[in-house]
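Notes follow the structure.
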Amino acid sequence: MVMLNGQTMRASLQVAPLNLHKPRSDSLRHGLSHSEHFHENDHNPYHHSNMTPPDTPNGSHEDLSHQPLPPPVFHNFLRAFYPFHPNYSITDSSVTLPLNEGDVILVHSIHTNGWADGTLLLSGARGWLPTNYCEAYDPEEM
Numbered sequence: 001m002v003m004l005n006g007q008t009m010r011a012s013l014q015v016a017p018l019n020l021h022k023p024r025s026d027s028l029r030h031g032l033s034h035s036e037h038f039h040e041n042d043h044n045p046y047h048h049s050n051m052t053p054p055d056t057p058n059g060s061h062e063d064l065s066h067q068p069l070p071p072p073v074f075h076n077f078l079r080a081f082y083p084f085h086p087n088y089s090i091t092d093s094s095v096t097l098p099l100n101e102g103d104v105i106l107v108h109s110i111h112t113n114g115w116a117d118g119t120l121l122l123s124g125a126r127g128w129l130p131t132n133y134c135e136a137y138d139p140e141e142m
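Counting along the sequence shown from 1, when you hit position 141 you're at 141 in UniProt numbering, and nothing is skipped either side.
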């Protein structure tokens, strides 16, 4: 029993499949009764005994586990495409760099949370910056 909106409701663990077979009008015109028509169409693709799972793909999961994953791409330089000006005070334990659009940053490391330790090339200031405000930058463009 299940409570729903304060009322006790019956819950069923299994639901029987519903198979509806509608006779074609042409078979009834040819003199077949409904029961004869039903047995004639036992090859119905929706009949549960004819259902099979799809073919297994050529490659299996075991094959994929032996393939090494490519190392994540580390970009040495980022360019800010959005300005970022934190509205909280900078503490001694953590320095957050303000960014202006177009600033180029030398990246020292990237944390898994998406923040990078970097140095602004324009000012030489080092600190943490959000990588989602930046894009990869090719140093050959400098």
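Every residue gets a Cβ at the ideal spot worked out from N, C-alpha and C, and that includes glycine.
Taking all protein chains shown into account, do 16 or more other C-beta atoms lie within 10 angstroms of the C-beta of A116, making it buried, or fewer, making it exposed? Counting Cβ neighbours within 10 Å, A116 comes out buried, since at least 16 surround it.
Where the beta strand (DSSP E) through A116 begins and ends: Counting along the chain, the unbroken beta strand (DSSP E) around A116 starts and ends at 115–120.
Since V107 is in the beta strand (DSSP E), which residue starts that stretch and which ends it? For V107, the enclosing beta strand (DSSP E) begins and ends at 104–110.
Exposed unless 16 or more other CB atoms sit within 10 angstroms - verdict on D138: D138 comes out exposed.
Report buried or exposed for E40, applying the criterion of at least 16 other Cβ atoms within 10 angstroms of its Cβ. Because E40 carries a pLDDT of 49, less than 50, the predicted location of this residue cannot be relied on, and no value is offered for it.
Simplified DSSP assignment, three categories, for P139: Looking at P139 - three-state DSSP - the assignment turns out to be helix.
Which residues bound the beta strand (DSSP E) around F77? Going by DSSP, F77 is part of the beta strand (DSSP E) stretching over 77–80.
Identify the continuous beta strand (DSSP E) that holds residue 167 and give its terminal residues. Because the chain in this structure spans residues 1 to 142, residue 167 falls outside the shown range and cannot be described.
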